[in-house]
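Below is one structure, written out as structure tokens; the observations come after it.
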Amino acid sequence: MREFGYRRAADVSGAVAQLGADPDARFLGGGTNLVDLMKTGVERPARLVDVTGLPLGRIEPTADGGLRIGATVTNSDLAAHPEVRRRYPALAQAVLAGASGQLRNMATVGGNLLQRTRCGYFADVTQPCNKRDPGSGCPAIEGEHHNHAILGASDRCVAVHPSDMGVALAAFDAVVSYETAEGTGELPLAEFYTPVGETPHLETALPSGALITGVTLPPAPVAELSRYRKVRERASYAFAIGSVAAALDVRGGTVREVRLAFGAVASRPWRARTAERALTGAPADAGSFAAAADAELAEASPLPQNGYKVTLMRNLAVAVLTELGEEAAR
Ligand SMILES: Cc1cc2nc3c(=O)[nH]c(=O)nc-3n(C[C@H](O)[C@H](O)[C@H](O)COP(=O)(O)OP(=O)(O)OC[C@H]3O[C@@H](n4cnc5c(N)ncnc54)[C@H](O)[C@@H]3O)c2cc1C
Ligand code: SF4
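Residue numbering for the sequence shown follows the numbering used here, starting at 25 and increasing by one per position.
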């Protein structure tokens with residue numbers, strides 16, 4: 025591991041100024057991803073600006089009935105918060121489905137959104153990788169890709185985003201707030217992650233040097249009946265091979281409102297808007313759920329080793345929506 029400098033930021037403007045003045049510096053949240061990547065040489069910052077002492081560690085109600093989550097709230101505190109559990113249960117479930125208790129105690133909301141892909145070639149600096157070293161190639165396409173993308177990928181990169189939390193945030197229309205030396209800004213989660221296209225090394229629309237200050241969840245009564253379900257290769261402490269965040273409002277047997285997002289299928293949390301449109305106003309039954317999932321997955325283009333994800337995601341979506349539909353009918 026290379027030597028690096030470390031400073032603990034005392035206020036937001038100071039943190040932003042330190043990073044703005046130093047292109048070789050990075051913000052440090054819990055360090056559960058960044059420090060690992062520094063050990064393997066994937067990340068090589070000269071200095072770290074620790075943001076965990078900033079006053080961004082609270083979860084507060086917003087005036088319109090939503091919730092504002094500070095960027096340095098730990099994953100454990102987010103999952104345990106009573107208003108998160110009551111109003112956005114799929115978010116608490118998603119966070120608890122990730123990593124381990126020790127990691128969740130360290131990991132922050134800002135860091136979770138910006139964690140890097142778990143593609144094995146990305147993590148191995150002896151391999152080419154367009155995301156780590158633009159223009160060097162993507163060995164995953166012809167190589168090992170059983171847990172890679174089936175939606176929204178390109179011929180430059182087929183990696184998936186690993187965050188569980190982000191999938192629930194996508195379903196609930198979260199908005200990310202940030203600050204730069206030029207002022208503050210906001211990005212809806214739908215615009216936060218940029219499409220892979222020709223530039224897999226550019227992952228978000230955040231301006232250079234931006235500090236994430238928090239995430240706002242708009243009020244969403246539908247979210248009170250919501251669920252996150254994750255499929256992985258072992259029962260705990262593993263990244264998803266597919267996941268679903270769903271919320272359902274059913275009246276008189278008809279879907280009044282639905283939220284659906286998929287995880288581990290694309291370079292970003294995948295909001296299943298085609299399925300949502302197909303389901304709104306449809307009977308809340310397994311046939312509608314399956315037709316909606318099929319409509320969403322019609323645009324999937326799996327690779328030789330990951331076609332199983334199309335079937336997996338269809339069955340997962342139908343199972344979770346069916347459970348929510350049964351709960352709504354009680
Ligand atoms: C063994 C293991 C298993 C895991 N399993 C899962 C899992 O199943 N599901 C899952 O979702 N995650 C999983 N994780 C990932 C874990 O959730 C992330 O490592 C964690 O959320 C990152 O948060 P952090 O605060 O530690 O980020 P850091 O490692 O500190 O930072 C990550 C990135 O975010 C940047 N950053 C941090 N805070 C800010 C900020 N406020 N503004 C701007 N930039 C910022 C850093 O510069 C860095 O680029 C796992 C991790 C490990 C090590
Ligand atoms: S899938 Fe993306 S991250 Fe993985 S090797 Fe290809 S370019 Fe790199």
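Note that the Cβ used here is the ideal one computed from N, Cα and C, for glycine as well. Treat the numbers as computed from the prediction; the structure is a model and nothing was measured.
Within the region 94 to 163, the alpha helix (DSSP H) runs of at least 4 residues that lie entirely inside it are, in chain order, 99 to 104, 106 to 111, 113 to 120, 125 to 130, 133 to 137, 144 to 147.
With a cutoff of 8 Å on beta-carbon distance, Ala288 and Ser312 are scored as not near each other. Counting along the chain, the unbroken beta strand (DSSP E) around Tyr30 starts and ends at 29 to 32. Annotation: Glu168 to Phe146 spans about 12 Å, alpha carbon to alpha carbon.
For Thr346, the enclosing alpha helix (DSSP H) starts and ends at 332 to 353. Measuring C-alpha to C-alpha distances from Thr98 to each of Val184, Leu78, Arg32, Met130 identifies Met130 as the nearest. With 16 or more neighbouring CB atoms inside 10 Å of its own CB, Gly122 falls in the buried class.
Proximity of the region 137 to 154 to the region 57 to 72 meets the contact definition, three or more beta-carbon pairs being nearer than 8 Å. Collapsing the DSSP output to three states places Ile174 in coil. Residue environment: Tyr30 is assigned as exposed (fewer than 16 neighbouring CB atoms within 10 Å of its CB, all protein chains considered). Distance from the CA atom of Glu323 to the CA atom of Val334, rounded to whole angstroms, is 10 Å. Here Phe196 carries a coil assignment [DSSP, helix/strand/coil]. With a minimum length of 4 residues, the unbroken runs of alpha helix (DSSP H) contained wholly in the region 43 to 70 fall at 58 to 64. Here the C-alpha atom of Gln42 lies approximately 29 Å from the C-alpha atom of Leu241. If you check the CB distance, Ala306 and Ala296 do not come in under 8 Å. When the Cα atoms are used, Cys153 and Ser160 turn out to be separated by approximately 6 Å. Every beta strand (DSSP E) stretch that sits fully inside the region 247 to 326 and reaches 3 residues is listed by chain position as 250 to 256, 264 to 275, 278 to 287. About 6 Å separates the CB atoms of Ala269 and Ala118; that is less than 8 Å, so the two are in contact. In terms of side-chain proximity, the C-beta atom of Asn99 is found nearer than 7 Å to a non-hydrogen atom of ligand 1. In this structure, Ala229 sits away from Glu206, with a CB-CB distance that is not shorter than 8 Å. Note that the C-beta distance between Arg283 and Ala314 is not below 8 Å.
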